[in-house]
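A quick write-up on the structure given underneath.
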Amino acid sequence: MNLALNFELSIEDNLLKRFEEIHNYIYANDGLSTQQTLEEIIKILFIKIFDENNKVNQFQISSDELSHLKQNNTATNFVRRITNLIEETKREFKDVFDADEKIRLSNISLGFTINKLQTISLSGSSSDAKGLAFQKFLAHQEKDGRGQFFTPEPVINFCVEIIQPKPNEIIIDPACGSGGFLISSLNYLLKNNSKTKAETYISKNLVGLDINKSIARIAKMKLLLEANGQANIFCTNSLDDIDEIKLTISEALNQKSFEGFDIVLTNPPFGTVGKITNTKILSRYDLGYKWTGADDKYYKTKTLSNGLAAEILFIERCLQLLKEGGRLGIVLPNGHFENPSLEYLRFYIKQKANVLAIVNLPQETFIPYGTGVKTSLLFLEKETANSKTKYPIFFSKIKKPGYHGNKNGTPVYKKDKYGMTLKGKNGIPIIDEDFSTVIEDYKAFQKKPIIETENSFSINFNELNGRFDYDFYSPDNRKMLTVLESKNAKRLCEIAEIIKVKSKKLNQSDKTVEYVELSDINTHSFEIINTTNYLVHELPSRASYELKTGDIITAVAGNSVGTAKHATALVTEEFDGCICTNGFRVLRNFKINPYYLLYFLKSESFLKQMYMYRTGAAIPNVSDYDLANILINLPDEKTIKQIGDKVKKAFELRQESKKQLESISLERHLYE
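Each residue of the sequence shown is one higher than the last, beginning at 285 in my numbering.
What follows is the structure in structure tokens.
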């Protein structure tokens with residue numbers, strides 16, 4: 285159903301309200317999606333800016349023309365005038381418009397839109413409400429689009445505060461989206477350097493690349509609204525030939541000998557985005573090839589990868605874009621910081637750059653924007669010579685992003701002991717976040733490169749092994765390992781055999797077996813409490829290992845690994861011969877009291893180690909190598925026996941309790 289055509293010439297100056305009215309009108313009347321509607325508004329804003337910049341004075345609609353549109357949807361002079369203006373705008377902004385591109389709005393919606401904007405000047409400075417109104421309007425539309433264009437603003441601003449841009453530095457975002465990092469960098473410079481002029485800085489110091497033309501338009505429009513000048517936003521594939529990209533950029537910046545960028549800030553595409561399989565693209569990158577090696581010594585082979593996540597190539601591309609000594613801030617999935625299969629990637633990074641800082645983000649960070657992938661921030665300084673062998677690295681963990689991990693990212697405010705929301709001097713509620721706390725930690729670290737606070741700590745580069753993740757190096761975990769090593773703890777593989785061979789029963793497709801899943805364990809009593817009957821050919825693909833009486837099974841996969849709900853159980857006689865999921869590992873042939881080991885596998889020392897070794901952004905897991913190297917504290921033989929005897933007695937009592945309960949027959953008593 286169409287909205288009533290009751291619009292008149294606008295005189296109010298609330299731009300945010302006008303943007304929203306335009307969006308709602310087009311969405312309701314022209315049958316366009318939210319994203320399509322947004323794209324049409326962006327096109328019209330470009331036309332408006334062209335008209336203002338060139339003083340064409342054609343971006344207008346008279347009351348008579350409005351009247352004709354209301355009556356019969358025609359206004360010949362108006363349509364002709366705007367059509368000509370569109371063609372001139374396309375010639376002015378060739379980098380964001382195709383030659384055959386059209387405005388997709390009906391005449392009525394076009395007239396409504398022009399009417400709402402014709403009395404507003406968009407070419408003024410960003411000190412007024414125009415740029416801010418557009419930012420708020422766009423942020424709302426981006427959230428509705430589930431994050432297609434959006435990186436959370438607190439994350440963007442935090443990265444800029446850590447990188448600390450200087451007035452003379454040139455910044456690029458090779459996956460710029462709607463330009464968040466570029467806008468934030470500009471705002472940082474305007475706030476911290478009074479001599480910075482927005483228009484000059486945008487035209488000479490900011491560059492954005494994005495493969496999506498619609499998104500590139502939005503970024504360009506945001507920068508145009510910040511300052512009326514050249515906005516260096518290019519619609520291109522950032523992974524294409526580096527020389528061509530640098531040539532385009534150097535021409536735009538009017539620099540004949542362009543050495544590279546001072547700063548790269550970016551959140552490259554990851555998560556559901558498909559892998560790069562184009563061999564022409566892969567062959568341009570060292571990381572596009574397979575690597576081989578171990579123990580922090582890796583070598584590139586001559587074999588191209590079968591396919592690679594885009595963000596891996598982006599890491600190398602970002603380093604290529606930087607000049608020597610340039611700085612990089614990049615958002616990456618946690619798997620890139622911890623997965624054993626990507627240790628070659630971390631080796632490559634250490635060969636090409638100094639690691640400045642690693643900051644872990646909470647699970648909820650990106651949930652309001654369409655993905656639950658766990659992420660961290662990596663900050664590097666390019667040093668191709670790789671000469672430094674000992675320097676401090678800043679680690680930190682954001683625990684409170686300032687909003688809930690729900691669809692809307694509802695703000696979280698600080699409260700007093702009575703539950704009342706705290707407000708600042710300006711009367712605005714105070715966001716409950718610790719981005720600002722970590723920024724202060726980092727500034728303190730820059731002055732004195734040793735730090736240990738509630739959120740942050742530092743280590744030396746020579747202490748950085750194949751892992752980059754916060755939990756692996758946290759002071760609590762390192763202290764725990766030091767204590768265990770001082771007590772001559774043994775590795776798990778030294779005191780038990782870890783079974784990893786699949787059961788031969790799985791070759792008998794019509795055989796019936798009992799199957800044990802992670803959820804079949806009572807995590808408080810170390811017991812298997814349930815099994816499910818399957819024919820072998822009906823078993824889940826994860827069905828793997830055959831259990832024997834006396835075995836211990838412990839979880840190596842799932843969100844509960846290393847937590848209080850970690851699944852560990854003793855295999856009693858009734859579950860002999862069952863098949864368990866490969867989410868467990870089976871321990872057998874013990875060299876210590878198995879009941880003591882069972883007790884230790886529920887201890888804080890074991891759970892902390894398992895949590896520390898967890899890898900995987902989607903489904904956490906612990907590798908066989910890391911499981912084998914879990915340290916088991918072994919006190920004196922007398923203590924081991926005492927603990928083992930108590931655990932064994934507890935099992936015997938539970939088994940006797942079950943027998944007693946099973947011996948009761950209420951039905952028999954009813955009929956006696």
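Just so you know, even glycine gets a beta-carbon here, dropped at the ideal spot from N, CA and C.
Taking 8 Å as the cut-off, the beta carbon of Ile404 is found no closer than this to the beta carbon of Thr373. Between the alpha carbons of Gly577 and Ile633 lies a distance of about 15 Å. Around Phe465, the same chain offers Ile440, Asp457 and Leu549 as residues with beta carbons nearer than 6 Å, after the five sequence neighbours per side are excluded. Taking a cut-off of 8 Å for Cβ pairs, the segment 811–827 and the segment 790–802 touch, as three or more such pairs fall below it.
Around the beta-carbon of Asn806, fewer than 16 other beta-carbon atoms lie within 10 Å, marking it exposed. Classified as exposed, His808 has fewer than 16 neighbouring CB atoms from the shown chains inside 10 Å of its CB.
Taking the Cβ atoms as the reference, Pro713 lies roughly 12 Å from Tyr687, outside the contact range of under 8 Å. C-alpha of Glu437 to C-alpha of Ala780: approximately 50 Å in a straight line.
Residue range Thr852 to Leu854 is occupied by the beta strand (DSSP E) that includes Ala853, with no alpha helix (DSSP H) assigned at that position. With respect to Ile836, Leu882 sits close: the two C-beta atoms are nearer than 8 Å. Counted as a single uninterrupted DSSP element, the beta strand (DSSP E) harbouring Thr865 occupies residues Ile863 to Thr865. Rounded to whole angstroms, the Cβ separation of Ile743 and Tyr726 is 15 Å, and the two are not in contact under 8 Å. Contact check for Glu324 against Leu389 passes: the beta carbons are separated by less than 8 Å.
Taking a 10 Å sphere around the C-beta of Val767, we find fewer than 16 other C-beta atoms and assign the residue as exposed. For Glu888 and Val657, the gap between their C-alpha atoms comes out near 27 Å. A buried status is given to Tyr309, since no fewer than 16 other beta-carbon atoms sit within 10 Å of its beta-carbon. Annotated as proximal: Asn512 and Asn337, with beta-carbon spacing under 8 Å. Between the alpha carbons of Thr435 and Leu508 lies a distance of about 20 Å. Taken in chain order, the complete beta strand (DSSP E) segments of 3 or more residues contained in the segment 615–679 are 637–644 and 659–666. Collapsing the DSSP output to three states places Val767 in a helix. Beta-carbon to beta-carbon, Ile366 and Ile398 are separated by about 7 Å, close enough to satisfy the 8 Å threshold.
If you keep only unbroken alpha helix (DSSP H) runs of at least 4 residues inside the segment 455–530, you get 464–476, 482–489 and 497–510.
If only complete runs of 4 or more residues are kept, the segment 706–787 shows the alpha helix (DSSP H) at 719–731, 754–757, 759–770 and 776–779, in order along the chain. Contact between the segment 893–908 and the segment 826–834 is absent, with fewer than three C-beta pairs closer than 8 Å.
Relative to Tyr582, the option among Gln635, Leu316, Phe729 and Asn746 whose CA is nearest is Gln635. Only residues of its own chain outside the window of five on either side were considered, and among them Leu422, Glu426, Phe433, Phe434, Ile499, Ile502, Ala503 and Lys506 have a CB closer than 8 Å to the CB of Ser462, listed in chain order.
If one requires a minimum length of 4 residues, the alpha helix (DSSP H) runs lying completely within the segment 543–584 are 563–566, in chain order.
A distance of 8 Å or more separates the beta carbons of Asn814 and Pro904. In the three-state reduction of the DSSP assignment, Ile916 falls in the strand class. The beta carbons of Pro552 and Phe598 sit closer together than 8 Å.
Here Phe377 carries a coil assignment [DSSP, helix/strand/coil]. A residue is called buried once 16 or more other Cβ atoms fall within 10 Å of its Cβ, and Gly591, having fewer, is exposed. The beta carbon of Glu940 is closer than 6 Å to none in its chain, skipping five residues each way along the sequence. By the Cβ-count criterion, Leu945 is exposed, with fewer than 16 other Cβ atoms from all chains shown falling within 10 Å of its own Cβ.
Cβ-Cβ separation between Ile454 and Asn476: approximately 17 Å, too far for a contact (criterion under 8 Å).
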